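With UniProt numbering, letter number 32 in the sequence shown gets 32, and the count goes up by one each step, no holes. Please read the structure below before turning to the comments.
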Amino acid sequence: MSLTPELVAELEILALFNLDSSQEGLKIHQTAAPKAIAAAQRLFEKELITQPDGGYLT
Numbered sequence: 001m002s003l004t005p006e007l008v009a010e011l012e013i014l015a016l017f018n019l020d021s022s023q024e025g026l027k028i029h030q031t032a033a034p035k036a037i038a039a040a041q042r043l044f045e046k047e048l049i050t051q052p053d054g055g056y057l058t
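Next up, the structure:
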């Protein structure tokens, strides 16, 4: 399995989540890098996060 730039961007977003607390989420602001915004949208479409701009892990 090769790591595409898109997959790396998704992993970077996932790495930001605090796994010690399910009460802590993320917010990807509209001023964030376009690759971060797109990565969050893809994670939402894969049902890995609760909101297209971050939210919580599912």
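Idealized CB from N, CA, C, for every residue including glycine. All values reported here derive from a predicted model rather than from experimental measurement.
With DSSP run on the structure shown, which of helix, strand or coil describes residue i?
{"i": "Ile28", "result": "coil"}
{"i": "Leu57", "result": "strand"}
Assuming contact is defined by CB atoms lying nearer than 8 Å, are residue i and residue j in contact in what I supplied?
{"i": "Ala9", "j": "Ala36", "result": "yes"}
{"i": "Pro52", "j": "Gln41", "result": "yes"}
Report the rounded CA-to-CA distance for residue i versus residue j, giving the unit in angstroms.
{"i": "Thr4", "j": "Glu12", "result": "12 Å"}
{"i": "Glu6", "j": "Asp20", "result": "26 Å"}
Note down, one range per segment and in chain order, each alpha helix (DSSP H) of at least 4 residues found wholly within the segment 1 to 27.
For the segment 1 to 27, whole alpha helix (DSSP H) runs of length 4 or above, ordered along the chain, are 5 to 15.
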